[in-house]
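Working notes for the structure below.
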Amino acid sequence: MISLNNICLSFADHIIFNNISFLIRQKDRIGLVGNNGAGKTTMLKIITGEQSADSGNIEKPSGITIGYLPQQMKHSDSRTLFNEVKTAFNNIIEIEKNINRFNTEIEERNDYHSEKYLKILSKIADLNTRLDNLGAGKMEEKIEKTLSGLGFMATDYIRQTSEFSGGWRMRVELAKILLKHPDLILLDEPTNHLDIESIQWLEDFLANYNGAVMIISHDRTFLDNVTNRTIEISLGNIYDYKVPYSKYLLLRQERRAQQLAAYKNQQKEIKDTKEFIERFRYKASKAVQVQSRVKQLDKMDIIQIDEEDTSAIRIRFPSAPRSGNIVIDAVGISKSYGENIVLENIDLILRRNEKIAFVGKNGEGKTTLSRIIVGEIDFKGALKIGHNVKIGYFAQNQDELMDENLTVFETIDRVAIGDIRTRLRSLLGAFLFKNDDIDKKVKVLSGGERSRLALIKLLLEPFNLLVLDEPTNHLDMRSKDILKQALLNYNGTLIIVSHDRQFLDSLTDKVYEFHNHKIISYSGSIFDFLEKKKIDSLRELEINCKIKESKPSQKTLAGKESYIEKKELNKSLRKITKSINSCESSIEKLENELDELSKQLESPSVKEFNNSEEQSIFLKYGKFKKELDEKMTQWENLHSALKDLRKKIESPNPG
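Mapping of the sequence shown onto my numbering: position 226 corresponds to residue 226, and the numbering continues sequentially without gaps.
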C-alpha cells in the first residue's frame with residue numbers, strides 16, 4: 001500500500017535514518033518502537049509528508065487517506081463537541097448540501113420533461129446513492145458510539161470544545177480520525193490521555209479495523225493486543241519483526257546476542273590487524289602485507305551495537321521508619337466543585353504495606369482523593385493519617401516544587417544517601433538524562449523532563465507511604481521497568497493512579513474502581529479486576545433476564561422502577577441533545593440562506609430582475625426569516641428542557 005524506499009535523514013552529524021526501506025500493507029498493525037530520540041515520531045511525519053527526508057522516496061497510491069494523531073496538536077474551539085466531531089463527515093455534509101440545492105431548484109421548475117430537469121433528477125439519484133454507500137443514515141449513531149467509547153457523556157455533546165482539558169481535546173481529534181476511516185491510521189502515544197475503559201474500547205476498534213495502523217506507544221499491553229508486527233528503529237537502521245511486542249522482545253534478545261558476538265569478533269579482528277600493521281610497518285619485506293591490511297581496515301563495514309541496556313540497574317527505595325498498622329482511615333469523604341459532585345461519602349482504610357491501584361474513567365475523582373490524602377485540598381468528612389506516616393507524593397505539578405536554579409544532577413545529589421550515590425549518573429541515564437543533560441538547570445527543562453526528575457527525586461527519599469498519580473506518562477519502557485522493579489522491592493505502603501495495565505500488573509494487590517462519585521474495592525491484580533468486570537456485566541445481564549421472567553417483590557419492583565425511570569431520563573437526554581444538534585444545524589443552514597438572499601438583494605444586478613423575480617426573493621427571505629425565528633425559539637426551549645432534565649438525573653431520587 002505504502003512503500004518507503006532508501007530513506008536517509010540526518011540532523012547535524014547525527015544519523016536518524018540510514019537508507020531504510022519497508023512496506024506498509026493493508027490491514028497491517030505495526031508497533032513502531034525504539035529508544036527516545038531514535039526517530040519514531042519523525043518517521044510518522046515523513047509518512048504524512050510533514051517532514052522531508054534527505055534522500056529516498058515514498059510511493060503512495062493516488063487518493064490514499066491518512067489519519068495522524070500527534071502527541072501535540074492545535075485544536076479548533078469554534079463548535080460544540082458533537083458538531084466538531086461531525087466535521088469528520090464533511091464529504092457527507094457537502095453531498096447533502098448539493099442534494100438540498102438541487103431539490104430547491106427542482107421545486108422552482110415546471111419543465112418536467114426537459115433534458116435539464118431530467119439531468120437534475122439523475123444527479124440527485126446519484127448523490128443519494130453515494131450517501132447510502134457512505135452510510136450517511138448511520139452518521140449520528142457512529143458519532144455517538146465513538147464518543148461514548150472514548151469516555152464522553154451525552155451531556156458533553158453540546159459543550160463547546162474550549163471547555164475541555166487538553167487530554168479530552170486530544171480524544172476529540174482521535175474521534176474525528178477514527179470516524180473518517182482513513183486507509184492508514186498513525187497514532188503517536190494515543191493512550192497517554194485515555195483511561196482503562198477507553199483504552200480497551202480503542203483496542204477493540206483497531207482490532208476490527210479494515211485499514212492499516214501504525215502506533216507509537218509505551219503501553220506494552222496495548223501493543224500486544226493491537227499489533228501483529230513490530231518495527232524497531234535503532235542507530236539509524238530498522239529491524240522488522242512479524243510479531244507483536246512481547247514476542248519481538250524475545251527475538252530482539254536473540255538478534256542482540258548475535259550482534260554482540262559479531263561485534264566482539266570484528267573488534268578482535270581489528271585489534272589483530274592493527275597490531276600486525278604496527279609491528280611490521282617499517283619492515284620492507286612485509287610492506288605488501290601491511291598495505292593489504294590497511295586497505296582491509298579501510299573497507300571494513302564497522303558493526304555498531306545498540307546503546308547499552310541500562311534496564312539492569314536496580315534501584316531500592318531507602319529505608320523508612322515503620323508506620324502504624326492503619327496508614328489511612330477515611331470516613332465519609334465528600335468533595336464538590338460548585339454543583340459538580342466528585343466524591344460522595346467515601347470510606348477507605350489503608351493498612352501498612354498494602355499496595356492499591358486507583359482506576360476508573362477520567363474525571364471520576366482518582367486524583368481528587370489522592371490530593372485529599374496528601375493534604376492538598378479541603379473536603380468534607382474525616383481523614384486520619386496513621387502514626388509516623390511520611391507521605392511522598394508524585395503528581396503532574398510535583399515538578400513545580402523543585403528549585404529551578406539547581407542543575408539536574410544537583411537536584412538529586414542533595415537527597416541521595418548511601419550506595420546509590422555512586423550510581424547517580426547511571427540512574428539519571430536510565431530516566432533519559434544523558435551526557436550534558438545532567439548539567440541543565442531545572443528552569444530550562446520541559447514538562448516531561450521535570451516530571452521524570454521529580455520521580456527520581458522521590459525514589460531517593462525515605463517515605464513509608466507513596467501516592468503516585470500517573471507516574472509513567474513521560475517514561476519510556478526501559479524507565480518504566482526500572483521504576484516498577486523499585487516499587488516491587490519497596491517495603492512501604494503504595495497508592496498508585498494509572499491506566500497502564502502492564503505496569504500495574506503484579507504491583508498492586510487491590511484495585512479501587514471510581515464510579516459515579518463512589519469507590520468499589522476488588523481484591524487481586526489489575527487483570528483480575530478486568531476479568532471480574534466482564535463477569536459482572538454478564539451477571540447483570542442474567543439478573544435483568546430473571547427479573548423479566550419472575551414476579552418481583554415490592555423492594556425489587558421499586559428498584560426496577562427507579563432503574564427504568566433513570567433509563568428513560570437518559571433516553572430523553574439523548575433525544576433532547578440530538579434535537580439540539582439538529583436545531584443548530586438548521587439554524588446554521590437558514591442563516592447561510594438568508595446571507596445569500598441578502599447579497600442578491602444588495603447586488604447591483606437586482607435591477608435586472610423583473611418584479612416577479614424580485615418578489616420571489618423577498619418571499620423567500622421572509623419565509624426563511626420566519627423559520628429562523630421559530631428555530632431559535634425551539635433551541636431556547638430545548639436548552640431549558642435540558643437544564644431541567646439534568647437536575648432530575650443528578651437528583652438521588654429522579655422522580
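In this text, a Cβ means the ideal position worked out from N, Cα and C, and glycines have one as well.
Coil, strand or helix - residue i by DSSP
i, result
"Phe529", "helix"
"Gly381", "strand"
"Leu9", "strand"
"Met1", "coil"
"Asn208", "coil"
"Leu507", "coil"
"Ile417", "coil"
"Gly324", "coil"
"Gly31", "strand"
"Asp500", "coil"
"Asp132", "helix"
"Leu458", "helix"
"Ala577", "Per the sequence shown, the amino acid found at residue 577 is Thr instead of Ala. Helix."
"His218", "coil"
"Asp629", "helix"
"Leu468", "strand"
"Phe618", "helix"
"Ser523", "strand"
"Phe463", "coil"
"Lys518", "strand"
"Lys443", "helix"
Per-residue burial, residue i [other beta carbons within 10 Å of its own, 16 or more giving buried]
i, result
"Val442", "buried"
"Gln72", "exposed"
"Pro244", "buried"
"Arg252", "buried"
"Met300", "exposed"
"Thr65", "exposed"
"Gly63", "exposed"
"Leu303", "It should be pointed out that residue 303 corresponds to Ile in this sequence rather than to Leu. So Ile303 ends up on the exposed side."
"Asn340", "exposed"
"Ala262", "exposed"
"Thr221", "buried"
"His113", "exposed"
"Glu531", "exposed"
"Phe152", "buried"
Under 8 Å between C-beta atoms of residue i and residue j
i, j, result
"Ile349", "Thr508", "no"
"Ile438", "Arg425", "yes"
"Leu504", "Ile526", "yes"
"Leu660", "Ile326", "Shown here, the chain extends from 1 to 655; a query on residue 660 therefore has no answer."
"Asn464", "Thr493", "yes"
"Thr407", "Lys440", "yes"
"Ile587", "Lys631", "yes"
"Ala207", "Val226", "yes"
"Val290", "Ile270", "no"
"Ile199", "Leu32", "no"
"Asn57", "Ile99", "no"
Whole-angstrom distance between residue j and residue i, CA atom to CA atom
i, j, result
"Val331", "Leu147", "35 Å"
"Ser311", "Met477", "Residue placement at Ser311 is poorly supported in this model, since its pLDDT is 42, which falls under 50; the coordinates still yield a value, given next. Between Ser311 and Met477, the C-alpha separation is close to 9 Å."
"Leu131", "Glu96", "8 Å"
"Gln600", "Leu594", "10 Å"
"Leu297", "Tyr282", "18 Å"
"Asp183", "Asp644", "44 Å"
"Gly363", "Gly149", "15 Å"
"Gln266", "Asn18", "21 Å"
"Phe89", "Lys176", "9 Å"
"Lys555", "Ser370", "With a pLDDT of 43 at Lys555, under the threshold of 50, the modelled position of that residue is not reliable, and the figure given next carries that caveat. About 37 Å."
"Arg501", "Val359", "10 Å"
"Asp481", "Lys380", "38 Å"
"His387", "Arg351", "12 Å"
"Asn491", "Gly524", "18 Å"
"Ile215", "Leu260", "29 Å"
"Leu202", "Ile495", "27 Å"
"Leu638", "Ile580", "7 Å"
"Gln485", "Ile305", "26 Å"
"Cys8", "Ser323", "58 Å"
Residue i beta carbon near the ligand PLP (any heavy atom closer than 7 Å)
i, result
"Glu107", "Among the components modelled here there is no ligand, and therefore nothing to report on the ligand PLP."
Q | Those runs of the beta strand (DSSP E) which lie wholly inside the stretch 327–409 and span at least 3 residues | A | Residue ranges of uninterrupted beta strand (DSSP E) with 3 or more members, entirely inside the stretch 327–409 and ordered along the chain, are 340–351, 355–360, 380–385 and 391–394.
(Q) If we require 3 or more residues per run, which beta strand (DSSP E) segments fall completely within the stretch 38–103? (A) Taking 3 residues as the shortest admissible run, the stretch 38–103 contains the following complete beta strand (DSSP E) segments, listed from N- to C-terminal end: 55–59 and 66–69.
Q) What residue ranges within the stretch 223–310 form continuous alpha helix (DSSP H) runs of no fewer than 4 residues, ordered along the chain? A) Counting only runs of 4 or more, we get 245–280 and 287–299.
**Q.** Segments assigned alpha helix (DSSP H), at least 4 residues, entirely inside the stretch 143–200
**A.** Scanning the stretch 143–200 from its first residue to its last, the whole alpha helix (DSSP H) runs of 4-plus residues come out as 166–180.
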